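Student: Please read through the structure below; I'll follow up with questions.
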Amino acid sequence: MASRELQRLGSAVKYGAVRRRMRTLLWFVMWAVVGFAVVYGPLDKGLGPMSIAGGVALGALMALGVHRSMVSRRTRRQWQVRFVWPARLVMTYLVLIVLLQLHATGALPAVRRNYGYQFERLAVAISAHYPALHELDPDWETLRATYGPRAAQASNEEEFLEIVAEMLSRFHDRQVYVVAHGTEAERSATRAGEPAAAQGAAGGRAVLRAEVLPSGIGYIALSSFGSGTDAAKQFDEALDGLGDVPGLIIDVRGSNGTSFDQAHRVAGRLVAEPFTYGTVEFRHRLPHFGWVRRLTYTVVPRGDVYLGPIVVLVDGNTRRAAEAFALALKTSGRATVIGTPTAGLFGLPLTFRLPGGAVHFPVGRFKPAVGGEVEGAGLLPDMAVAGEAGETVSDEDVVLVAAIDYLIQRI
């Protein structure tokens, strides 16, 4: 009987020891990740020895504390004072740093509505994150000194936004513009006060049309790669519905949207091997993009891949994620691009909130893996054909006719 009790007691002791080790290990891993994240992101030290050392140090400290807390009630109380409260302070610090970074980049509203303060807040964000700052003419400091006093003297929100839009027009960058709340019009960065084209649908149908043309070639028109469209799912349904067509035309003329993930997923149905077609580099780490300094754009095959010949139709209103989609298929060699140069709006946009509206400007510079610069210049088609897309598929659409003729010769 005594022997059984001893065995049971021994098992309990062993089980307790294992639990303590597992708990200690869990705390080490958890706080090592937190420490690494704090040094890597909010402190902007990147992936290096300092981030790793910070993670290991915090993880070891917290693991030691939790291990000692399980020895006795006295050490448990000491643990509460020496480790639990400092841990809470670390988490509070992390949250505050993130909130401050979001505030500095206009994701959170300002604490003061003074127009001079609002202008300087925007100016600091542009100075830190706009990728083409050194290319401005006049230079940025001159623009800032010229328009800052005028913005500070604005009498209302509308006048303030007009002054900001006038300044941004000197950037000569179509990716930089002002939007007033309650309007669909954009005060363009190309010409102050002039509405720009819509920057992409937030929802609705991504696939406008999908049909088999009289020639037997499949045709899919995509209107948007917006985050609310689920373009990949709709494209899957459209592609599967076409059947075994000998060639495929994908029309992204006038297409827009900022969901590069949706563009990559759509392209994944059309390639046999994974490939990288470009990168986006940031001047500073931002919480909006996971504090990385570089994003790599990679397409990975998925589902039942279509391997027939493909033509992608583009025009000057093909923007952002739609441009990336066309560039990806061109880079992979899977598609021939026909039409006119695209808009050249590849940069990832940041939305900076202001009284009465918001400023949109890119915070990353896109660099293609193959070929020359496309930011601003746009993607050049393999076959230049000028013409406008119609509401329906017809012989009057010269770009579509050129695409059909091109594919028929290669089927």
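At position 156 of the sequence shown the residue is numbered 151 (the working numbering), and the sequence of numbers has no breaks. Heads up, the beta-carbon is just placed ideally off N, CA and C, and yes, glycines get one too. Quantities reported herein were computed from a predicted structural model and do not represent experimental measurements.
To which residues does DSSP link Asn251 through a beta bridge?
Tutor: Counting from 1 along the sequence shown, the entry for residue 251 is found at position 256. Note: Asn251 sits in a beta bridge opposite Ser219.
Student: Ignoring anything shorter than 3 residues, give me the beta strand (DSSP E) runs that lie fully in the stretch 297 to 379, in order along the chain.
Tutor: Whole beta strand (DSSP E) segments, 3+ residues: 305 to 309, 330 to 334, 344 to 349, 352 to 357 and 359 to 363.
Student: How should Pro144 be labelled, buried or exposed, when 16 other C-beta atoms within 10 angstroms of its C-beta is the threshold for buried?
Tutor: Indexing the sequence shown from 1 puts residue 144 at position 149. Exposed.
Student: Check whether the stretch 337 to 346 touches the stretch 363 to 376, counting contact only when three or more Cβ pairs, one atom from each stretch, lie closer than 8 Å.
Tutor: Result yes; three or more Cβ-Cβ pairs closer than 8 Å.
Student: Would you kindly check if the distance between the Cβ of Pro350 and the Cβ of Phe155 is under 9 Å?
Tutor: The sequence position of residue 155 within the sequence shown is 160, counting from 1. The sequence position of residue 350 within the sequence shown is 355, counting from 1. Contact: yes.
Student: In chain order, what residues of the same chain have a beta carbon less than 6 Å from the beta carbon of Tyr214, not counting five sequence neighbours either side?
Tutor: Mapped onto the sequence shown, residue 214 falls at position 219. Only Glu206, Leu208 and Ile244 meet the Cβ criterion.
Student: In the structure shown, what three-state DSSP assignment does Glu181 receive?
Tutor: If you number the sequence shown from 1, residue 181 lands on position 186. Because Glu181 carries a pLDDT of 44, less than 50, the predicted location of this residue cannot be relied on, and no value is offered for it.
Student: For a minimum of 4 consecutive residues, which ranges assigned as the alpha helix (DSSP H) are wholly contained in the stretch 251 to 298?
Tutor: Here the runs fully enclosed are 255 to 263.
Student: Taking all protein chains shown into account, decide if Glu181 is buried (16 or more other Cβ within 10 angstroms of its Cβ) or exposed.
Tutor: Locating residue 181 in the sequence shown gives position 186, counting from the first residue. Reliability fails at Glu181, whose pLDDT of 44 lies under 50, so the model's placement of it is uncertain and the value that follows must be treated cautiously. By the neighbour-count rule (16 or more Cβ atoms within 10 Å), Glu181 is buried.
Student: Please report how far the alpha carbon of Thr100 lies from the alpha carbon of Tyr292, in whole angstroms.
Tutor: Position 105 of the sequence shown holds residue 100. Position 297 of the sequence shown holds residue 292. Approximately 24 Å, taken between the alpha carbons.
Student: Between Gly373, Val159 and Val106, which lies nearest to Phe320 when the distance is taken from Cα to Cα?
Tutor: As a first step, residue 320 is located in the sequence shown; it is residue number 325 there, counting from the start. It is Gly373 whose Cα lies nearest to the Cα of Phe320.
Student: Put Asp246 into one of helix, strand or coil per three-state DSSP.
Tutor: Against the sequence shown, residue 246 aligns to sequence position 251. It is a strand residue.
Student: For the stretch 118 to 182, list the beta strand (DSSP E) runs that are entirely contained and at least 3 residues long, ordered along the chain.
Tutor: List check, beta strand (DSSP E) in window: 172 to 175.
Student: Closest to Ser122 by C-alpha separation, out of Leu94, Phe166 and Glu157, would be which residue?
Tutor: For the purposes of this step, residue 122 is taken as the residue at position 127 of the sequence shown. Here the closest residue by C-alpha is Phe166.
Student: Which of the three DSSP states, helix, strand or coil, is assigned to Gly188?
Tutor: For the purposes of this step, residue 188 is identified with residue 193 of the sequence shown, where counting begins at 1. At Gly188, the pLDDT of 36 sits below 50, so the modelled position is not reliable; the number obtained from the coordinates is stated separately. Coil at Gly188, not helix or strand.
Student: For Arg116, which of helix, strand or coil comes out of DSSP?
Tutor: What you label residue 116 is simply residue 121 of the sequence shown in a count that begins at 1. Here Arg116 sits in helix by DSSP.
Student: Kindly indicate which three-state DSSP category Gly213 falls into: helix, strand or coil?
Tutor: Along the sequence shown, read from residue 1 onward, the residue named residue 213 stands at position 218. Three-state DSSP puts Gly213 in a strand.
Student: Have a look at His176 and Ala146 and give me their C-alpha separation to the nearest angstrom.
Tutor: Residue 176 sits at position 181 when you count from the first residue of the sequence shown. Residue 146 sits at position 151 when you count from the first residue of the sequence shown. Answer to the nearest angstrom: the Cα atoms are 18 Å apart.
Student: Return helix, strand or coil for Glu206, following the three-state DSSP convention.
Tutor: Walking along the sequence shown from the start, residue 206 turns up at place 211. Of the three classes helix, strand and coil, the one that applies to Glu206 here is strand, per DSSP.
Student: Quick check on Asp235: buried or exposed, where buried means 16 or more other Cβ atoms within 10 Å of its Cβ?
Tutor: Position 240 of the sequence shown, counted from the start, is the residue given in the question as residue 235. Result: exposed.
Student: Nearest to Leu335 by CA position, among Arg329, Leu324, Leu345 and Val307, is which residue?
Tutor: Here residue 335 refers to the residue found at position 340 of the sequence shown. Here residue 335 is Thr; the residue named in the question, Leu, does not match the sequence. Of the candidates Arg329, Leu324, Leu345 and Val307, the one whose C-alpha sits nearest the C-alpha of Thr335 is Val307.
Student: Please report the distance separating the alpha-carbon of Leu103 from that of Leu97.
Tutor: On the sequence shown, position 108 is the one that residue 103 refers to. On the sequence shown, position 102 is the one that residue 97 refers to. Answer to the nearest angstrom: the Cα atoms are 6 Å apart.
Student: Report the residue from Gly359, Thr313 and Gln404 whose alpha carbon sits nearest the alpha carbon of Val275.
Tutor: Numbered from 1 along the sequence shown, position 280 holds the residue referred to as residue 275. Nearest option by C-alpha distance: Gly359.
Student: Under a three-way DSSP split, which group does Asp235 fall into?
Tutor: Looking up residue 235 in the sequence shown gives position 240. It is helical.
Student: According to DSSP, simplified to helix, strand and coil, what is Ile399?
Tutor: Residue numbering aside, residue 399 sits at position 404 when the sequence shown is read from its first letter. Three-state result, Ile399: helix.
Student: Quick check on the burial criterion: 16 or more other C-beta atoms within 10 angstroms. Buried or exposed for Ala187?
Tutor: Here residue 187 corresponds to residue number 192 of the sequence shown, with the count starting at 1. Residue confidence is low: Ala187 scores 39 on pLDDT, short of 50, so the model does not pin down where it sits. Its coordinate-derived value is still stated next. Ala187 is buried by the Cβ-count criterion.
Student: So, under 8 Å CB-CB, Pro304 and Leu395 are touching, yes? Tell me the CB distance rounded to an integer number of Å.
Tutor: Here residue 304 is taken as the residue at index 309 of the sequence shown, counted from 1. Here residue 395 is taken as the residue at index 400 of the sequence shown, counted from 1. Not quite, the Cβ-Cβ distance comes to about 15 Å (not below 8 Å), so this is no contact.
Student: Mapping DSSP to helix, strand and coil, what is Leu103?
Tutor: Position 108 of the sequence shown, counted from the first residue, corresponds to residue 103. Coil.
Student: For Arg289, which residues of its own chain have a beta-carbon under 6 Å away from its beta-carbon, when the five flanking residues on both sides are left out?
Tutor: Here residue 289 is taken as the residue at index 294 of the sequence shown, counted from 1. Same-chain partners within the cutoff: Thr274 and Glu276.
Student: Give me the Cα-Cα distance between Ala330 and Ala353, rounded to the nearest whole angstrom.
Tutor: Counted from its first residue, the sequence shown places residue 330 at position 335. Counted from its first residue, the sequence shown places residue 353 at position 358. Spanning the two alpha carbons is a distance of roughly 37 Å.
Student: To which residues of the same chain is Ile406 closer than 6 Å at the C-beta, ignoring the five residues directly before and after it?
Tutor: Here residue 406 refers to the residue found at position 411 when the sequence shown is read from its first residue. So the list reads Pro241 and Gly242, once near-sequence residues are dropped.
Student: Only counting the same chain, and skipping five residues up and downstream in sequence, which positions put a Cβ closer than 6 Å to that of Tyr110?
Tutor: The count along the sequence shown starts at 1 and reaches residue 110 at position 115. If we look at Tyr110 and ignore the five residues flanking it on each side, its Cβ neighbours are Ala146, Ala147, Ala149 and Phe155.
Student: Run through DSSP, which three-state label would Val240 get?
Tutor: By 1-based counting over the sequence shown, the position of residue 240 is 245. Here Val240 sits in coil by DSSP.
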